[in-house]
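Residue numbers (this note's numbering): 601 to 1049. To keep things clear, I will list the structure first and then write my remarks on it.
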């Protein structure tokens, strides 16, 4: 029988979850996630498997999906799967393929977790993944948060395979003769992470054969240091950065100049407002000069006054509302293009795509309205019973303040919010078995002339 004691010890010592919790396992079909699934089964945890087909490797991607479905059947657990047009998403959002896949995967997993009432999502990151992440961050430049690597637990996300190194995982798989899928792209050094894994890490292990254990111990120390830093920053923010009724914050220049370590604390204080380290370095260099200079982020500005810094939001021109008057057609809002169509429910196949709103036509009251977010907006997130403020939803989704007013909100004729475009549908307007007609609204990002 598969020995799972180190795995169970790691889960318990890090308080990842309890035997009473339901855990949704992200499974690719690769060695790490396959072993994780078998370990969960051995320990008798309640779990399901969730697989994303990114459609990047043609027949190989489809074969991964078939393998994962068969594994779920073998283990006797629920299987969930979806497909994304990852390359199109990457092009539309001007991000890398890797970043697109990551964003799509985590967003779908969280929506699925809520809809199916799982307590946690487990990914199969292990100790070597954390080593590679730390090295990547060091090469690119990082603060303390980039030095602790991948944490075993963050919110609803847990990583129990951090109990193992890659070599230990390979050893267990070989001993137990467990089948898995191999992704040939893992051997390509055109990706930064692969280059570090295949070329850099082996050289470092020549200097320290216990590299993973050393990095793991260092990461724990850096995580604790970050906690201390954030406690100090929270105290200073609560003492100094209370906005007035207009949202402006006035800070004593003399008090800021006495901060130690200055650069680190100043960066952490102003990070929620989108200021880069480079802009803050310019601020420090220039704050003994002539008053009146302004430093900007995408959402805020800092005015250098004689004895104070005045932080204030930058007013951005609101995007005009767009009325959707017909059940079929094309509309634009800001830089987004929307296409509306209606189909019979018998021809409808539900798609797990955040760029689509799939709604029960009988519940809609035209004209619908595409508009920007407003203070006080609420909706019923898909998969949840209760109401949630959009401001809280945006915080949970880690959407910066500067982006909030550039997310389209679809409003029904009765004033209900139906869809946060690209993010989440409203539970009340979803398609059910009683739906006769389905209205589909698709969002594409493009610059409209």
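We put the CB at the ideal spot given by N, CA and C, even for glycine. The structure presented is a predicted model; accordingly, all values stated were derived computationally and were not measured.
Residue 798 sits in a helix when the DSSP states are folded into three classes. For residue 646, the uninterrupted beta strand (DSSP E) segment begins and ends at 646–653. For residue 929, the enclosing beta strand (DSSP E) stretches over residues 929–933. By the Cβ neighbour-count rule, residue 728 is buried, with 16 or more other Cβ atoms within 10 Å of its own. Measuring C-alpha to C-alpha distances from residue 948 to each of 960, 939 and 898 identifies 960 as the nearest. Spanning the alpha carbons of residue 636 and residue 720 requires a straight line of approximately 14 Å.
Membership of residue 772 in the alpha helix (DSSP H) is indicated by the continuous run 766–776. Under the 8 Å Cβ criterion, the region 643–652 counts as touching the region 670–679, having at least three qualifying pairs. Taking a contact as a CB-CB distance under 8 Å, the pair residue 865 and residue 884 does not count as one, their CB atoms being some 11 Å apart. Here residue 850 has 908 and 910 as same chain residues with Cβ atoms under 7 Å from its own Cβ, once five neighbours each way along the sequence are excluded. The straight-line gap separating the alpha-carbon atoms of residue 756 and residue 702 is approximately 16 Å. Inter-segment contact for the region 790–799 and the region 747–756 is absent: fewer than three beta-carbon pairs are separated by less than 8 Å.
Counting every other CB atom within 10 Å of its CB across the protein chains shown gives residue 662 a total below 16, marking it as exposed.
Residue 693 carries a helical assignment under DSSP once its states are collapsed to helix, strand and coil.
In the three-state scheme derived from DSSP, where H, G and I count as helix and E and B as strand, residue 841 is classed as coil. Non-local beta-carbon contacts of residue 764 in its own chain, meaning distances under 7 Å to residues more than five positions away in sequence, involve 726 and 727 in chain order. Beyond the five residues adjoining it in sequence on each side, residue 707 comes within less than 7 Å, by CB distance, of 954 in the same chain, given in chain order. Assigned with DSSP and collapsed to three states, residue 638 falls in helix.
Of the residues 749, 915 and 766, the one whose Cα lies closest to the Cα of residue 816 is 749. Each residue's CA atom was taken as its position, placing residue 642 and residue 602 some 7 Å apart. Taking 4 residues as the minimum length, the alpha helix (DSSP H) runs contained wholly in the region 802–874 are 811–840, 853–857 and 862–870, in order along the chain. In the assembly as shown, residue 731 is a buried residue. Its beta-carbon has 16 or more other beta-carbons within 10 Å. Straight through space, the alpha carbons of residue 1003 and residue 872 are spaced by roughly 13 Å. With contacts defined by Cβ atoms closer than 8 Å, residue 970 and residue 1008 form a contacting pair. Residue 784 and residue 722 have their alpha carbons spaced roughly 24 Å apart. In this structure, DSSP gives residue 959 an extended state, which the three-state scheme calls strand.
Judged by DSSP in its simplified three-state form, residue 759 adopts coil rather than helix or strand.
The beta carbon of residue 672 sits closer than 6 Å to the beta carbons of 649 and 679 from its chain, once the five residues preceding and following it are set aside; these are given in chain order. The alpha-carbon separation between residue 972 and residue 1006 amounts to approximately 7 Å. For residue 688, the number of other beta carbons within 10 angstroms of its own is below 16, and it is reported as exposed. By the C-beta density criterion, residue 1031 is buried, having at least 16 other C-beta atoms within 10 angstroms.
For residue 626, the beta-bridge partners assigned by DSSP are 650. Of the residues assessed, residue 698 falls on the exposed side of the cut-off, its CB having fewer than 16 other CB atoms within 10 angstroms.
At the C-beta level, residue 894 and residue 868 stay beyond 8 Å of one another.
For residue 671, the three-state secondary structure derived from DSSP is helix. Shortest Cα-Cα distance from residue 801 to any of 613, 734, 932 and 604 involves 734.
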